[in-house]
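Top to bottom, those sequences are chains A and B.
Note that my numbering has the first sequence beginning at 1, numbered continuously upward.
Note that my numbering has the second sequence beginning at 1, numbered continuously upward.
Structure record follows, encoded as structure tokens.
2 protein chains.
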Amino acid sequence: MVSERLAHTAAFNLGFFVGVGSRGETDALHGASHMLEHVLFKGTERLSAEQISASIEAVGGDLNAYTAKEHTCFYARLLAEDSPRAIEVMSDMLAHSLIRPQHFRSERTVVLEEIAMGNDDPGDVAHDITARRLYGPSGLARPVIGSVDSIRAMERDTVVDYWRSRYRADDIVVSASGAVDHDQLLEALAPLDQALSARRPPLEAAVGGAPAVAEPGVFVATRDFEQLEVVMSWPGPALLDPRRSALDVLVTVLGGGMSARLFVEVRESRGLAYTIDASEIAYTDAGQVSIEWACAPSRLQPIIDVVRSVLDDVVAHGITEEELARAKGQIRGQTLLGLESPASHMSRNGRTWLQDDPRSVADIMAEVAAVTREDVHALAAELFTGRPTLAVVGPWQEHTPVSLG
Amino acid sequence: MVSERLAHTAAFNLGFFVGVGSRGETDALHGASHMLEHVLFKGTERLSAEQISASIEAVGGDLNAYTAKEHTCFYARLLAEDSPRAIEVMSDMLAHSLIRPQHFRSERTVVLEEIAMGNDDPGDVAHDITARRLYGPSGLARPVIGSVDSIRAMERDTVVDYWRSRYRADDIVVSASGAVDHDQLLEALAPLDQALSARRPPLEAAVGGAPAVAEPGVFVATRDFEQLEVVMSWPGPALLDPRRSALDVLVTVLGGGMSARLFVEVRESRGLAYTIDASEIAYTDAGQVSIEWACAPSRLQPIIDVVRSVLDDVVAHGITEEELARAKGQIRGQTLLGLESPASHMSRNGRTWLQDDPRSVADIMAEVAAVTREDVHALAAELFTGRPTLAVVGPWQEHTPVSLG
């Protein structure tokens, strides 16, 4: 358990970070982590689903959850005077949910609706295509939510077993921030700790394995939209890779806002797209760097050409001293402004403790301050020399030639 | 100018709230407010577009803007030590932009891309349909962004004239919050005040007029999506209508989260949709209450039937004492938690001053506390007795019968 007491806030933030995500699912369990996250809201012996939500919402708080590829998070934010509610309700959900068969069935149809919603979202579809090509054959290659087939076939008892074997005290970080008292919280969570410590680890070995080699090329999902959604990706550093600070600088210079190279070249100078961003994702043993935009079909190749020339320039010449200084100032200011939100402390601490990342914010800021032009240049040369994986979603004309340069 | 000094924050938030929005546009000017917002970022005599963004982003700040139907807002957030940059750059943009012809043309193509992006977003399309039926023939009935035709035809000089006649000191509220000194800010903004005070008001009379009677019925935009996006609306109270506190309670009971009636009936008990929300929008002299969800086509009528029965029940019996108390607690807690963000003070003060709404947060909380079951019951009966305007976007089968109950 990690808590960070912050002065001058009336809010209490509590998160349970569980080391369970879609990556560790077998084929038969595909989507089980997410389904489990859903059904844990459906009621316990003491509380109905409505009472769970109402107890937090009646005092203006939020209670929610998300499932990612390597973890699941349940979190609440409310006024500190109401903190006992959050502790009580969330402990109850995590240890004593009933997951009644009729609730399981009802939630299965909800998840099928959520899959349909994702299929209508061009960004979601493009990111799923990208993951499939970058992370195969590991579990990172699959969507968190599961597939229509895996969800339709999923049984209540399978998910209950999954919960009982995976949600164990050893694999959960509790993170709190704001108006919080560490010792009181520890005491209040003792019953949950006891309940989850009694659980046995799963018998089967960890599944999922490491990603193999990324597959470059152009991968298309045809949809009847007006715009093409485009995600252009390369494999990148993993979570604890020491090059991530240099990557942070590189991504900021390329796509960290309206003064970044890609925005200036694609939108500001040429008006080719509404926006264009660069970003990175990192997992335990893999990662990616992506450039993303939406555009009219006729602008696909012109934008790829501009992106390619921006990248070629960085690969050949690196970044300027001015860009380096600007990116460092940008990262420093964003970090300090981000920490103004008490919830950000809860969520940062929870994630980094679960990932066994021992670095403080000050450590990371020192790492960023130490990045050199040479670091960034070397990283750019390594990342962007190979051909990218291009995911395109939208009104695609068969046999459209696309040159990745 | 309104400023709110907040202790314990390192951030400075600055917003310019201009009383210019799409509502006041003639047909020929449709989309001019939004286009103007875009081109004011394209450079001044002293700063290029890239320099405008870079000056704020280089210290980790944000500089952005949005255009609404009744106002336009430019805002920045950065560390207090960097506040002079924001004041200087934003003053320069608002008074001394060049709007060069080639920049105007380039930005026109960007706005056309933005229109295409909105056409691919089922929620945007459904809200545009709703506005067209609720607010005709006033300017509120039209999308803020303009149409493909109006943007293609728009000339640079028209937009420059629009800017010169509409962006006047009398029509702008400057709002700041966080680590701010009111007198220093006033002094720093004096040159901008002078520049904009010299401008002449427009000669033509205000355009747009008041909305007439809303048009109920089913209005469809067919799209090749998996889900239908549905927005069900009724005319509602305007901005300063005294019934808005009762409306706040009513909307909270119906659709303010996972313990709200609609969520419990549609998702929790029946698994018919991933989520369903109730919300309200208010303008100077008009407003709307809407219920919104996305679902498989086969679930359209079943969900309408559930919604109708929830509403019929509220119209017949009002809400319970417990619901009233819960909604008040929810609104109180959300308000207090919302005020924890320094930026929220800037944005609330800016909007309410521009709207001549003299009420403080404490006033509004007192109004909410005074709401009775009778107030809510009377309002529900008034709002939901008539037939709604139903906007549906997605895979529509011609001649699908839809009964609005």
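Yeah, the Cβ is synthetic: ideal placement off N, Cα and C, and Gly gets one too.
| query | Cβ of Ala86 (chain A) versus every heavy atom of the ligand FMN: is any distance shorter than 8 Å? | reply | Looking for the ligand FMN in the displayed structure turns up nothing, as the structure carries no ligands at all.
| request: Report the three-state DSSP secondary structure of Glu37 (chain B) (helix, strand or coil). | output: Three-state DSSP puts Glu37 (chain B) in a helix.
| field | Where the alpha helix (DSSP H) containing Gly15 (chain A) begins and where it ends | value | From DSSP, Gly15 (chain A) is part of no alpha helix (DSSP H) but of the beta strand (DSSP E) over 11-18.
| said: On the DSSP bridge list, what partners appear for Ile281 (chain B)? | reply: Answer is B:Gln288, bridged to Ile281 (chain B).
| Segment limits, alpha helix (DSSP H) that includes Leu117 (chain A) | Here the sequence assigns Met to residue 117 (chain A), which means Leu is not the residue at that position. It spans 101-119 - the alpha helix (DSSP H) in which Met117 (chain A) sits, taken as one unbroken run.
| For the segment 71-85 of chain A, which residues have a beta carbon sitting closer than 9 Å to at least one beta carbon of chain B? | For the segment 71-85 of chain A, which is checked against every Cβ of chain B, the residues closer than 9 Å are Arg77, Leu78, Leu79, Asp82.
| task | Could you have a look at Gly350 (chain B) and say whether DSSP puts it in helix, strand or coil? | result | In the three-state DSSP reduction, Gly350 (chain B) falls in the helix class (H, G or I).
| query | Using the rule of at least 16 other Cβ atoms within 10 Å of the residue's Cβ for burial, across every protein chain shown, is Gln397 (chain B) buried or exposed? | reply | So Gln397 (chain B) counts as exposed.
| Bridge partners of Trp234 (chain A), per DSSP? | Under DSSP, the beta-bridge partners assigned to Trp234 (chain A) are A:Val289.
| task | Inspect the beta-carbon positions of Arg373 (chain B) and Thr335 (chain B) and report whether they are closer than 9 Å. | result | Against a cut-off of 9 Å, the Cβ pair of Thr335 (chain B) and Arg373 (chain B) comes out as no contact.
| said: Classify Arg77 (chain B): buried if its beta carbon has 16 or more other beta carbons within 10 angstroms, exposed otherwise. | reply: When all chains shown are included, Arg77 (chain B) counts as buried.
| In this structure, does DSSP put Asp62 (chain A) in helix, strand or coil? | In this structure, Asp62 (chain A) counts as strand in the three-state DSSP scheme.
| Taking just the CA atoms, how far does Ala32 (chain A) sit from Arg132 (chain B)? | When rounded, the distance between both Cα atoms is 43 Å.
| request: May I ask which residues mark the beginning and end of the beta strand (DSSP E) holding Val218 (chain B)? | output: For Val218 (chain B), the enclosing beta strand (DSSP E) has its first and last residue at 217-222.
| field | Best match in A:Tyr75, A:Ala296, A:Ala273, A:Glu70 for proximity to Ser91 (chain A) [C-alpha to C-alpha] | value | A:Tyr75 is the residue among A:Tyr75, A:Ala296, A:Ala273, A:Glu70 whose C-alpha sits nearest the C-alpha of Ser91 (chain A).
| query | Thinking C-alpha only, which one of B:Asp181, B:Tyr167, B:Asp62 is nearest Gln194 (chain B)? | reply | With distances taken between Cα atoms, Gln194 (chain B) lies closest to B:Tyr167.
| query | chain B beta carbons: is any one of them nearer than 9 Å to that of Pro122 (chain A)? | reply | So yes, Pro122 (chain A) belongs to the interface.
| task | Mind the definition here: the segment 57-67 of chain B touches the segment 274-287 of chain A only if three or more C-beta pairs lie below 8 Å; say whether that holds. | result | No, they do not touch.
| task | Identify which residue in A:Ala294, A:His30, A:Val220 has its Cα closest to the Cα of Gly139 (chain A). | result | The residue with the shortest Cα to Cα distance from Gly139 (chain A) is A:His30.
| task | Please report how far the alpha carbon of Ala205 (chain A) lies from the alpha carbon of Val231 (chain B), in whole angstroms. | result | Below a pLDDT of 50, predicted positions are generally treated as unreliable, and Ala205 (chain A), at 43, falls in that range; no measurement from the model is reported.
| Does the separation of the CB atoms of Leu337 (chain A) and Gly61 (chain B) fall below 9 Å? | Note that the C-beta distance between Leu337 (chain A) and Gly61 (chain B) is below 9 Å.
| Proximity to Ala327 (chain B) [Cα-Cα], best of B:Leu254, B:Gln355, B:Asp357 | Here the closest residue by C-alpha is B:Leu254.
| Arg270 (chain B) versus Val306 (chain B): straight-line alpha-carbon distance, rounded | Rounded to whole angstroms, Arg270 (chain B) to Val306 (chain B) spans 10 Å at the Cα level.
| task | Report the three-state DSSP secondary structure of Ala68 (chain B) (helix, strand or coil). | result | The three-state reading of DSSP puts Ala68 (chain B) in coil, since its state is none of H, G, I, E or B.
| Thinking C-beta only, is Val371 (chain B) closer than 9 Å to Ala246 (chain B)? | Yes. Within cutoff.
| query | Quick one: what does DSSP say Gly257 (chain B) is sitting in, helix, strand or coil? | reply | In the three-state reduction of the DSSP assignment, Gly257 (chain B) falls in the coil class, being assigned neither a helical nor a strand state.
| task | Residues of the segment 267-280 of chain A with a CB closer than 8 Å to any CB of chain B: list them in chain order, please. | result | For chain B, the residues of the segment 267-280 of chain A that bring a beta carbon within less than 8 Å of one of its beta carbons are Arg267, Glu268, Ser269, Arg270, Gly271, Leu272, Ala273, Tyr274, in chain order.
| field | Where Gly329 (chain B) falls: helix, strand or coil (DSSP) | value | Taken through DSSP and simplified to helix, strand or coil, Gly329 (chain B) comes out as helix.
| said: Going by beta-carbon coordinates alone, are Gly217 (chain B) and Leu390 (chain B) separated by less than 9 Å? | reply: In contact: Gly217 (chain B) and Leu390 (chain B) (Cβ atoms closer than 9 Å).
| query | Between the C-alpha atoms of Ala7 (chain A) and Leu339 (chain A), what's the straight-line distance to the nearest angstrom? | reply | Rounded to the nearest angstrom, the two C-alpha atoms are 13 Å apart.
| Relative to the C-alpha of Leu239 (chain B), which residue among B:Ile364, B:His127, B:Asp128 is closest? | Residue B:Ile364 is the option with its Cα nearest to Leu239 (chain B).
| Interface flag, Gly24 (chain B) vs chain A, CB-CB below 9 Å | No, because no Cβ of chain A sits closer than 9 Å to the Cβ of Gly24 (chain B).
| Which value, in whole angstroms, describes the spacing of the CA atoms of Phe16 (chain A) and Val264 (chain B)? | Their backbone Cα atoms lie some 25 Å apart in a straight line.
| request: Sort out for me which residues DSSP pairs Ala391 (chain B) with in a bridge. | output: Under DSSP, Ala391 (chain B) shares a beta bridge with B:Phe219, B:Val231.
| task | Express the C-alpha separation of Leu228 (chain B) and Leu300 (chain B) in angstroms, rounding to a whole number. | result | Their Cα atoms are separated by approximately 8 Å.
| field | Helix, strand or coil at Leu192 (chain B) [DSSP, three-state] | value | DSSP places Leu192 (chain B) in helix when its eight states are reduced to three.
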